Structure formats: structure tokens, C-alpha cells
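Enquirer:
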Amino acid sequence: MTSISNTDPTSLDVVKARRLNQHVGAIIASLGGFAFGATLGWNSSASDTMRNILNATGTEIGLIGALINAGAFLGALIVPWLLLYVSRTGAMYGTIPSLIIGWTFICCAGQKVWLLMVGRTICGCAGGVFCVITPIYIAEIAEKDIRDRLLTFFQLLLNCGIMYSYVIAHVINENSTIWKYSLSCAGSCALIALVNLIPESPLYHLGNNNENSARVAMQWYRGDHYNYELEMEEWRRLAIIDQSEKKFTCRFFSNRKVLRSFLACFAVIVTQQLSGINTMIFYALTLFSVGGSGELTASEQCLVVGAMQIASCFLASLLIGTVGRRTLLIASAFLMGLCLILLGWFFKVREQDPEYDDVYSWMPPAWFTLFFASYNLGVGPVSWAILGDNFPMEVRLKAASAAAAFSWLVSLIATMTFGEMLDALGIPKTMWVFAAFCWVGAIFCGIIVTENNGKSLADIQTDFGIDAEPEPATQVPVVSVREET
1 MTSISNTDPT SLDVVKARRL NQHVGAIIAS LGGFAFGATL GWNSSASDTM
51 RNILNATGTE IGLIGALINA GAFLGALIVP WLLLYVSRTG AMYGTIPSLI
101 IGWTFICCAG QKVWLLMVGR TICGCAGGVF CVITPIYIAE IAEKDIRDRL
151 LTFFQLLLNC GIMYSYVIAH VINENSTIWK YSLSCAGSCA LIALVNLIPE
201 SPLYHLGNNN ENSARVAMQW YRGDHYNYEL EMEEWRRLAI IDQSEKKFTC
251 RFFSNRKVLR SFLACFAVIV TQQLSGINTM IFYALTLFSV GGSGELTASE
301 QCLVVGAMQI ASCFLASLLI GTVGRRTLLI ASAFLMGLCL ILLGWFFKVR
351 EQDPEYDDVY SWMPPAWFTL FFASYNLGVG PVSWAILGDN FPMEVRLKAA
401 SAAAAFSWLV SLIATMTFGE MLDALGIPKT MWVFAAFCWV GAIFCGIIVT
451 ENNGKSLADI QTDFGIDAEP EPATQVPVVS VREET
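First residue of the sequence shown: 1, per our numbering; consecutive thereafter.
(1) When you compare each of ASP148, LEU67 and TYR93 to GLY119 by their alpha carbons, which one comes out closest?
(2) Using DSSP with H/G/I as helix, E/B as strand and the rest coil, what is VAL86?
(3) So PHE434 packs on LEU342, CB below 8 Å; how close in whole Å?
(4) Starting from TRP362 and walking both ways along the alpha helix (DSSP H), at which residues does that stretch end?
(5) Do you know offhand how far PRO472's Cα is from ILE106's?
(6) Which term fits SER254, buried or exposed, when burial requires 16 or more other beta carbons within 10 angstroms of its beta carbon?
(7) Considering only residues of the same chain and omitting the five flanking positions on each side of TYR226, which have a CB-CB separation below 6 Å?
(8) Where does VAL15 sit, in a helix, a strand or coil, going by DSSP?
(9) Specify the secondary structure class of LEU274 as computed by DSSP and reduced to three states.
(10) Measure the beta-carbon distance from SER213 to CYS438 and round it to whole angstroms, keeping in mind my assumption that it falls under 8 Å.
(11) Tell me which residue opens and which closes the alpha helix (DSSP H) that GLU394 is part of.
(12) Looking only at C-alpha atoms, which of VAL395, LEU99, MET421 and GLY378 sits nearest to ILE192?
(13) At what residues does the alpha helix (DSSP H) containing VAL167 begin and finish?
(14) Does chain D have any CB closer than 8 Å to the CB of TYR204?
(15) Tell me which same chain residues have a C-beta within less than 8 Å of the C-beta of ASN278, skipping the five on either side of it?
(16) Looking at PHE372 and MET431, is the spacing between their C-beta atoms short of 8 Å?
(17) On the criterion of 16 or more Cβ atoms from any shown chain inside 10 Å, does PRO97 qualify as buried, or is it exposed?
(18) List, from N- to C-terminal side, the alpha helix (DSSP H) runs of 4 residues or more that fit wholly inside the segment 288 to 352.
(19) So TRP384 and GLY128 are supposed to be a Cβ contact under 8 Å. How far apart are they, rounded?
(20) Please identify the residue among SER374, THR450, TRP81 and TYR93 whose C-alpha is closest to the C-alpha of ASP389.
(21) Could you pull out every residue in the same chain whose Cβ sits closer than 8 Å to the Cβ of LEU115, ignoring the five residues on either side in sequence?
(22) Leaving aside the five residues before and after TRP103 along the sequence, list all residues of the same chain whose C-beta is less than 6 Å from its C-beta, in chain order.
(23) If the criterion is Cβ atoms closer than 8 Å, does the pair GLU394 and ILE168 meet it?
(24) Tell me which residues share the same chain as LEU338 and place their Cβ nearer than 7 Å to its Cβ, disregarding the 5 neighbours each side in the sequence.
(25) With H, G and I counted as helix, E and B as strand and the rest as coil, what does DSSP make of GLU234?
(26) For the alpha helix (DSSP H) that contains CYS189, what are its first and last residues?
(27) My output table needs one value for GLU471: the three-state DSSP class, helix, strand or coil.
(28) Can you have a look at TYR85 and say buried or exposed, based on whether 16 or more other CB atoms are within 10 angstroms of its CB?
(29) Could you tell me the boundaries of the alpha helix (DSSP H) in which VAL113 lies?
(30) Looking at the secondary structure, which residues open and close the alpha helix (DSSP H) in which THR450 lies?
(31) Compute the beta-carbon to beta-carbon distance between ASN452 and ILE443, rounded to the nearest angstrom, for a pair I have assumed lies under 8 Å.
(32) In angstroms, rounded to a whole number, what distance separates the CA positions of GLN272 and ILE101?
(33) LEU328 and VAL382 - do their beta-carbons sit closer together than 8 Å?
(34) Give the range of the alpha helix (DSSP H) segment to which GLU211 is assigned.
(35) Can you tell which of ALA316, ALA404 and ILE146 has its C-alpha closest to the C-alpha of PRO80?
Below you can see the structure in the form of C-alpha cells.
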């Protein structure tokens, strides 16, 4: 049986697309998440050193932790402007100088806390760029049947970066200075250079009237013998819409499906950030020290948490194509709320009976670990995945940018107010407030989030019904299906 020609859409012998390169491309595009994860995890292990060695005040440590959110907020906002001048992979590659400059400030800060603040803000800005570009790029290269899975890779690599920072902190165990630890974390940004090995997305090339390059990209991601003509026709239609001059106005919200897509995205984001997750990541070492560690040191518990985050996110990537985003979101948010309620209950009982801590010292690390695992089972990966395919093409880039910026703004507010919440409410009630947000988010996400698995970007665009779309191309008749050899 002979394989079809790429330009013969009527052939009866259909070759399935090769998916290895799609996975490789998604992983490489997500390496910015690895670098950003190392930046996020740095604060957890460095906070005690800053307090004990640099004599940084609680306010200064809070600002150092929070300013990465401010940087990510700015980075997410500039993405639409940035992509007017550079390509998707070009923007990814362009974050390397920013990360190098940011880490240079951090490594050379010495006793100057303000240099740490500047460095963290710059690194956060680079991370914010990746939070938008990576989901957009992956959605443009992935087949519809595996798009959800590939979109979870950003969170998976983010967790790997956090784990990397925890491992480095545990191995170096630096008590007199943080520059060696900071330099080791800075090395994570070198991996971003691998984006030079992957092609631009076909949609980007078609938007620049370069069909030959679009075909080369399709061949790299689908295989030399795959008939991609139907997909190319869909990409051409989407490229025309993507390059249209339509502005992001309130007119789009008159469309109920568009409005629902925005509400769903922002509901997931609010659930993500008001669960307290980034606060927990920033201050993991401190929280473990306060909560008690059983037989493990606080540093060792961070390693356990890091490993659980990676394992649960990997599980989510396997399940999301089968059970869907909505189911994972509901289960994840519910379990997060349950862990926080149990954690708050432990601290409440310990306040009344200090001896309780000696008997049940295993509880805080157990609930903390399960909280992080639950987060990465759904809320974490879906929060970034939803940016890739949830909005109509006319406003997709600006909407994804605004959503990511909003996410980091809420995270900034949550991080900055965490100390005040602890002072005003105490640890138990603070945990219960976060738990309430998780459970309310689970209900709201269960109602409003829709499933896009199995739909191409062209199908999703048609579902919005914003404008009259051309009739879809005639489907290729299928008699037999075989894998490409």
C-alpha cells in the first residue's frame, strides 16, 4: 500500500500524523517555564538567608517575593506589542538577555536588598512573557486530539524548575551567602536557547504570507508523508482572521459564547491565585519550619513537595484528554480546599493544646504536600492551558495577555496581603479563607468552563460565530489508517 501525496486530498490511504516532534516542540517551548520555575522556587530557599545574613526586614522579604509578580504582570502585558516585531520563538529567545540581567543583579546584590528587588522584577518580566507565548505557540502546533496534553507541559516544566531550585538549595546548603545558590538557579535560563531548534508555527508563517515556510513547519510537526492540506486550509482561514484589524472592544462581549470564554478563563485564574498557591511556593521553607516537619527537615520537605508536584502534573497530562479540563478543575479545587481546611484545623488545635504537635507532627507536611499535588492535578496546568485556545482569534493574543497579567496582579495582591492576613486572622482562619476560594472556584468552574478537547482551533473559532465563516473544506474520505513508518 503506497502513501499519499501531501497535495492529493482525495487519496483513500491516509497516514496518521507523526506526534513525536509535536511533543518535542511543546517541551522545548515550555523550557521558559523551567527557568521561571527556578526563579519562583528561589525565594522559598533564600528567604531565611536574607533574613539571617542580609538582615532584611519582613517587609523587604515580602517585597522581594512579591515583585516577581509585578514583573510577570508587566511581561504579560507587553506580549502583544512584542509580537508585532518578533516571532513566537524569537520572543522566547529574546527573554534570555532579560533573565541574564535579572540574575546578575541578584547574584551581585551582596548586602543591597534593592538590587535583589530589581533582579526579581526583571526575571519576573521574562516569566510573564512565557506565560502568554508558550500556550499560544503550543496551541498552534498541536493536533486537536493531543493539544490539551501538550498545553499542560508548561506547568510540568514550571514544576521541574521549582524542583531544580529546591534540589540546588538542599545540596549547596548555603548559610553565609546566597550568590552561589543564585548563580546555580540562573543556569536554568541557558536551556531556553534550544528554541532555535524548533520551527515557527504554521499560523505565524501564513500570517506573514509565507506558505512555503508554513508547509516546512507542518512537515516537521506532522511528518513528511502526512496529508496536511485540510489543516493548511483551516490555518489560512485563521491567519486571515488573526491578521484582521478588528479591535478588542466591548462589542465582543455581546456574543454570549465569547463572554463565557472570558468568564471561564478569569474564574480559573481567580481560583488559582486566591488559593494561596504562589504564597505557599514563595514561603514553603518558612511554612514548613513553622508547621513542624516530623522527621524531615524543612528543606527535605520541599523536595518531597517538588517531587509530588511533578508527579501529579504528569498524571494530569495523562488524564486531561480523557476526563477533560472541567473534571480535573473540580476535583483539584475541591481537594485543595479540603487540604487547607485540615491544615487550618491542625493549627487551631495546636494553639489550644501544644502537646498535640508532638503526636501529630506528620499532619502539616502531609496536608501541605497533598495541597500542592491537588493543585497540579488540575487548577495549575489548566490555568495556563486555557490561554492557548479559549478565545476567538480576533482577540486571542490580547485576551490571553490580559488574562495572564490579571493572574499575576491577583497573585501580587495575595502575596502582599498574606502577612496582614496572618496578623489579623491567624494561620487557621487564613487557611480557611483560601479554602473557601478553592471551593467557590470549583463550583463556578464546574458551571462555566467548556471543553475544547478534540476540536481544532478552526472548530473553536466557528463555535463562537462572530462572523460568517467560509464553509469548511471537504473532509478526506478514510478507508484505512496506518501509522507512518
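Just so it is clear, CB atoms sit at the ideal spot from N, CA and C, and this is done for glycine as well.
Just so we're clear, the structure is a prediction, and the values are computed from it rather than from any experiment.
Expert: Short version:
(1) By one-based count along the sequence shown, residue 119 stands at place 119. Of ASP148, LEU67 and TYR93, the residue nearest in Cα terms is LEU67.
(2) Residue numbering aside, residue 86 sits at position 86 when the sequence shown is read from its first letter. Coil.
(3) As a working mapping, residue 434 is identified with position 434 in the sequence shown. As a working mapping, residue 342 is identified with position 342 in the sequence shown. 12 Å between Cβ atoms; not a contact.
(4) For this step, residue 362 is matched to residue 362 along the sequence shown. Segment: none, TRP362 is in no alpha helix (DSSP H) and carries neither H nor E.
(5) Residue mapping note: residue 472 aligns to position 472 of the sequence shown, counting from 1. Residue mapping note: residue 106 aligns to position 106 of the sequence shown, counting from 1. In this prediction, PRO472 has a pLDDT of 45, which is less than 50 and means its spatial position is unreliable; what the coordinates show is noted afterwards. Each residue's Cα considered, the two are about 53 Å apart.
(6) Here residue 254 refers to the residue found at position 254 when the sequence shown is read from its first residue. It is exposed - the Cβ of SER254 has fewer than 16 other Cβ atoms within 10 Å.
(7) Mapped onto the sequence shown, residue 226 falls at position 226. Cβ neighbours of TYR226 beyond the five flanking positions: VAL15 and ALA17.
(8) By one-based count along the sequence shown, residue 15 stands at place 15. Strand.
(9) The residue given as residue 274 occupies position 274 in the sequence shown. Residue state, collapsed to three classes: coil.
(10) Locating residue 213 in the sequence shown gives position 213, counting from the first residue. Locating residue 438 in the sequence shown gives position 438, counting from the first residue. Actually they are not in contact, since the Cβ atoms of SER213 and CYS438 sit about 45 Å apart, beyond 8 Å.
(11) Reading the sequence shown from its first residue, position 394 is the one you call residue 394. Careful: GLU394 lies outside any alpha helix (DSSP H) and carries neither H nor E.
(12) For the purposes of this step, residue 192 is taken as the residue at position 192 of the sequence shown. It is LEU99.
(13) Locating residue 167 in the sequence shown gives position 167, counting from the first residue. Its alpha helix (DSSP H) spans residues 153 to 172.
(14) No chain D appears in this structure, which consists of one protein chain only.
(15) Translated into the one-based positions of the sequence shown, residue 278 becomes position 278. Take ASN278, set aside five residues on each side of it, and the residues of its chain with a beta-carbon closer than 8 Å to its own are LEU40, ASN69, SER411, ALA414 and THR415, in chain order.
(16) Looking up residue 431 in the sequence shown gives position 431. Looking up residue 372 in the sequence shown gives position 372. Cβ distance not < 8 Å, so MET431 and PHE372 don't count as in contact.
(17) Mapped onto the sequence shown, residue 97 falls at position 97. By the 10 Å Cβ count, PRO97 comes out exposed.
(18) 298 to 323 and 325 to 352
(19) Taking the sequence shown and counting its residues from 1, one reaches residue 384 at position 384. Taking the sequence shown and counting its residues from 1, one reaches residue 128 at position 128. In fact, because the Cβ distance is near 12 Å, the residues do not count as touching under 8 Å.
(20) By one-based count along the sequence shown, residue 389 stands at place 389. Nearest C-alpha to ASP389: THR450.
(21) The residue given as residue 115 occupies position 115 in the sequence shown. Hits under 8 Å: PHE105, ILE106, CYS108 and ALA109.
(22) To locate residue 103, count along the sequence shown from 1; it is residue 103. These residues qualify, in order along the chain: ALA186.
(23) What you label residue 394 is simply residue 394 of the sequence shown in a count that begins at 1. What you label residue 168 is simply residue 168 of the sequence shown in a count that begins at 1. Result no, Cβ atoms of GLU394 and ILE168 do not sit closer than 8 Å.
(24) Along the sequence shown, read from residue 1 onward, the residue named residue 338 stands at position 338. So no residue of the chain qualifies.
(25) Numbered from its first residue, the sequence shown carries residue 234 at position 234. The answer is helix: DSSP assigns GLU234 an H, G or I state.
(26) Here residue 189 refers to the residue found at position 189 of the sequence shown. First-last for CYS189: undefined, no H or E at that position.
(27) The count along the sequence shown starts at 1 and reaches residue 471 at position 471. Because GLU471 carries a pLDDT of 42, less than 50, the predicted location of this residue cannot be relied on, and the following value inherits that uncertainty. Looking at GLU471 - three-state DSSP - the assignment turns out to be coil, as it is neither helix nor strand.
(28) Numbered from 1 along the sequence shown, position 85 holds the residue referred to as residue 85. Under this definition TYR85 is an exposed residue.
(29) Locating residue 113 in the sequence shown gives position 113, where the first residue counts as 1. Unbroken alpha helix (DSSP H) run through VAL113: 113 to 141.
(30) One-based indexing of the sequence shown puts residue 450 at position 450. Note, THR450: premise wrong, no alpha helix (DSSP H); not H, not E.
(31) As a first step, residue 452 is located in the sequence shown; it is residue number 452 there, counting from the start. As a first step, residue 443 is located in the sequence shown; it is residue number 443 there, counting from the start. The Cβ separation is near 21 Å, so there is no contact.
(32) Position 272 of the sequence shown holds residue 272. Position 101 of the sequence shown holds residue 101. Their Cα atoms are separated by approximately 29 Å.
(33) Within the sequence shown, the letter at position 382 stands for residue 382. Within the sequence shown, the letter at position 328 stands for residue 328. For VAL382 and LEU328, yes; Cβs fall inside 8 Å.
(34) The count along the sequence shown starts at 1 and reaches residue 211 at position 211. Where GLU211 is concerned, the enclosing alpha helix (DSSP H) starts and stops at 211 to 222.
(35) Taking the sequence shown and counting its residues from 1, the one referred to as residue 80 is at position 80. Closest by alpha carbon: ALA404.
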